[in-house]
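**Q** Numbering (this note's numbering), first residue to last: 3 to 802. Ideal placement from N, C-alpha and C gives every residue a C-beta, glycine not left out.
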Amino acid sequence: MFPDPDNESTAGVPAQTDAPEGRKRRRRRIPIFLAVLALLLGIGLIGGTYYVDSVPTPTDLSLPESTTVYFADGRTPMAKLGSENRTIVPYDQMNEAAKQAIVAAEDRTFWTNEGIDFKGVLRAAWANLTGGERQGASTITQQYARVAADLKGVTYSRKVREAVIAWKLDDEYSKEEILGFYLNTVPFGRGAYGIEAAAQAYFGKTVRRDAPAAKQLTVAEAMVLCAMVKQPEANPDDPEGQPGYDPERGPKARQNSLDRWTYIRDGMVKLGHLTPAEAADLAYPDTVRPIDPAASQSGLDRPTGLVVNHVLSELRQTEQFKDKPADYVRNGGFKIVSTIDKRVQDAAEAAADIRRDTAPEAVRGQPKNWQAALVAVEPGTGRVLGYYGGNDGSGADYAGWYYDENGEAAGFGQHPPGSSFKVYDLAAAVREEISVKRHFHSPDTKEFPASGRTKDSPAGPIRNAERASCQPDCALWEATVASLNVTYFELTEKLGTDKVIDMATRAGVDSMWANKKGDSKPKRIELRGHPGAETAEHFSTEVGIGQYGITVEDHANGMATFAAGGKRAEAHFVRSVTKGDEEILEERLTQTEVGLDEEAIAQLNWTLSQVRAARLDNGWDTAGKTGTWQAGESTTKNLHTWMVGYTGALAAATWLGTTDGKPLRTKDGSYAVYGASGAGPIWQQFMEKATAALKLDPDKYRFAQPKFPNDAAPPTASSRPAPTATRPTPTTTTTTTTPTPTPTARPTTARPTPTATEPSCDPPDCVTAVPTGRPTRTPTRSPEPSPPPSSEPPRTSAPG
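(1) What are the boundary residues of the beta strand (DSSP E) that Ser259 is part of?
(2) Using a 10 Å radius around the Cβ and a threshold of 16 neighbouring Cβ atoms, would you call Val346 buried or exposed?
(3) Under 8 Å Cβ to Cβ from Lys457, same chain only, skipping five residues before and after it: list those, please.
(4) For Tyr648 versus Ala571, is the C-beta spacing smaller than 9 Å?
(5) Considering only DSSP beta bridges, list what Phe541 is partnered with.
(6) Check whether the segment 82-91 and the segment 194-213 touch, using three or more Cβ-Cβ pairs below 8 Å as the test.
(7) Alpha carbon to alpha carbon, what distance is there between Lys581 and Asn311?
(8) Could you pull the start and end residues of the beta strand (DSSP E) that Leu83 belongs to?
(9) With Thr563 and Gly510 assumed to form a contact (beta carbons below 8 Å), what rounded beta-carbon distance in angstroms separates them?
(10) Strictly by DSSP, which residues pair up with Gln632?
(11) Could you give the DSSP three-state label for Tyr676: helix, strand or coil?
(12) Kindly indicate which three-state DSSP category Pro287 falls into: helix, strand or coil?
(13) Helix, strand or coil for Ile197, going by three-state DSSP, please let me know.
(14) Do the segment 688-702 and the segment 607-624 meet, that is, are 3 or more Cβ pairs less than 8 Å apart?
(15) Output needed for Ser808: all residues of its chain with C-beta closer than 6 Å, excluding positions within five of it in sequence on either side, in chain order.
(16) Short of 7 Å in beta carbon distance, which residues of its chain neighbour Thr507, apart from the five on each side in sequence? Order them along the chain.
(17) At which residues does the beta strand (DSSP E) containing His443 begin and terminate?
(18) Can you round the beta-carbon distance between Val209 and Val386 to whole angstroms, since I take them to be within the 8 Å contact cut?
(19) Only counting the same chain, and skipping five residues up and downstream in sequence, which positions put a Cβ closer than 7 Å to that of Gly391?
(20) Helix, strand or coil: which one does DSSP assign to Glu316?
(21) Quick check: Glu280 and Ala653, are their CB atoms within less than 9 Å of each other?
(22) Measure from the alpha carbon of Pro234 to the alpha carbon of each residue in Asn258, Ala216 and Val675, then state which is nearest.
(23) What separation, rounded to the nearest whole angstrom, lies between the Cα atoms of Gln612 and His574?
(24) How many Å lie between Asn517 and Pro418 at the Cα?
(25) Indicate the three-state DSSP secondary structure (helix, strand or coil) for Leu376 in the structure shown.
(26) In three-state terms, what does DSSP make of Gly813?
(27) I think Pro474 touches His441, with their Cβ atoms under 8 Å apart; what is that distance to the nearest whole Å?
(28) My output table needs one value for Val432: the three-state DSSP class, helix, strand or coil.
(29) Could you tell me the distance, in whole angstroms, from the CA atom of Glu67 to the CA atom of Arg332?
(30) Which residue from Asp119, Arg148 and Phe710 puts its Cα closest to that of Glu600?
(31) Would you call Ser453 buried or exposed, if buried means 16 or more other Cβ atoms sit within 10 Å of its Cβ?
(32) For Leu227, which of Lys217, Asp521, Phe205 and Asp240 has the nearest alpha-carbon?
(33) Measuring straight from C-alpha to C-alpha, what distance separates Val221 and Lys326?
(34) Could you check what DSSP says for Thr660 in three-state terms: helix, strand or coil?
(35) Just list the residues that DSSP pairs Gln416 with in beta bridges.
(36) Please classify Asn186 as buried or exposed, where buried requires at least 16 neighbouring CB atoms within 10 angstroms.
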């Protein structure tokens, strides 16, 4: 197969289709053959046969092509995966500038030679015989042969191997194919392999001929790139003396680049690709991008590196990617569009990375062992819009867990939620038609013999951390605002542990960690797909006040379910996967009813909107709950603090704790760190910044006012619940939504002003010690994640 003179991609290439020319070509090969044969015989016939029979051809090669993970806009890269930064572009889709410049730079006889530099072969033979240094490749075909041999892991010490490979290549493949192999393979510096990756790295452009002209690599820019091939990187042993040809590496490198660029320009004229006048008008481009050390990295060392772990884990569970080799995705040349909205992610990192100056003042500059995590989910779709599990993408994940390339659970992210878990108790209550107006006897201390909490038991009775103005007779909504543990322990007993767990599972809590006596490490119990009755045996009544660990990600998805009116969507990280023009995977959105009707949701939203820490100053209707988990038997030192909540358009869960299992202690030596004062400011700042960045209208997401059947007014501290009509529990259903749903607008109604006085204590969610809970069995359904280095597992002590 030879170049087609009528094809514009081979302009200037002499035709080679006539029989006499073919015979002449074969005659020219005779001296080359004899020279190579002589070399082979000189180093041994067996070795020569080995060279010929074992050399890899281009069809044997599987060039690793980098996969890119993008933010949700599909344009902004998040991370580059793969062993090499390479994006393969077929030869016929490359513009002419790159093809012409590389020939002018590296092999001006490429279109007419036999793929072998005969003089170079003889030089190599002499060097081999005399023990001289290995000679460099000359023709483009030989250069590709060297790269091909290295890619296959074949080591060689003599030029003859390149000659044999090049000979075979030239005999079996067209010049166009060989040049395409070469341009997609050779290194250009800055970690870029192949011309397309180089165009992006140095100029932010493409070599694709179907791209807009302004985005395509120009002739002058292509000449700069092709100059790099001579020495892609600086010599590490002499970076000053041999800096290479990257003009951004310093004055000497820039001069090298300019000299080489001029040489290539002259070659373009000699080959007829430029006229002398065009060459004279051509200017050396000053648009080369500065060297960005981060650009050569994959991006996996950033906070979003943890997102990539979840993306890959999610893909491994799909039909398209399961059972594939570990590097199939990384080196497969895929374009993965994640669900992460960069605006939301930026707000999450600014608030939750407490080492930054952008973090809230309450948590900024605190001890080094402080650590925060934050996850934001879009109600109704389950899209994870923001994820911060730590500052190091290759380190511990404090917001969740995922399956690694070996199918093992990795990450961390589980923490006792304390009083923030009471949102699921409350949701289970309104689902069972227990009105938020219903009153409970809430003394400071109360015994619960059925749950083993008596004055004679090791843990003792349940105690409220502080007093509330409604005590000892408080409505459920008042007890929620004051976070009264006596009330919520009684509520969990009345509902049954199984119903509380069932509501949490339906809402979005897929896993919960149970404590086993004698084992310091909690065991993960898989809740998803199992009704509460199946998993309740692992947990005691203390589940209702947040003893058992859950992940920040699951908690955020639970909040998103309530924000969506009781419609649960699966939390996920992937929107689409493509390769070239082929669609590999497309997001499919589903919603599942959790059994909450409009009145139940309205009462839930109304109650959680009264929590002081959930209020924002930006005009949005908000709902939320704080939580605190204490250290050991202490009633003053806390290990974990939480703030979870939502608007109609965005839900988020925030955790603040420590990396070493020690109690939270401020830089001033105070242990007064609670949900409202620790995680709360992070959540508030994030929600305000994220909702502003999304530019949504808060009036379209107002909470509906509850009707409170048989009672015309909102409840007060002294009101008693009126009997409520029986409401059927909605049946759980699943529906498929469109790829980009618009959240349902909620009725615009004024938010009622609570009439009860909130407790003066800070926080209102502290509690006393509780027992370990029932012994648990290790689940066999899935592995459990490991904690990060140097961190203790959560202790089986008091939630708050």
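**A** If we stick to the structure as given:
(1) Element bounds for Ser259: not the beta strand (DSSP E) but the alpha helix (DSSP H), Pro253 to Lys272.
(2) buried
(3) Glu449 and Pro463
(4) no
(5) According to DSSP, which records beta bridges pairwise, Phe541 is partnered with nothing at all.
(6) yes
(7) 20 Å
(8) Pro79 to Leu83
(9) 5 Å
(10) Asn640
(11) coil
(12) coil
(13) helix
(14) yes
(15) Summary: the structure shown does not reach residue 808, with the chain confined to residues 3 through 802, and so no result is reported for it.
(16) Leu529, Arg530 and Gly534
(17) His441 to His443
(18) At roughly 34 Å, the Cβ-Cβ gap does not stay under 8 Å, so Val209 and Val386 are not in contact.
(19) Leu308, Ala375, Asp399, Tyr400, Ala401, Gly402 and Gly415
(20) helix
(21) no
(22) Asn258
(23) 30 Å
(24) 11 Å
(25) strand
(26) The question about residue 813 has no answer, for the chain in this structure spans 3 to 802.
(27) About 10 Å separates the two Cβ atoms, so there is no contact after all.
(28) helix
(29) 8 Å
(30) Phe710
(31) buried
(32) Phe205
(33) 41 Å
(34) strand
(35) Thr553
(36) buried
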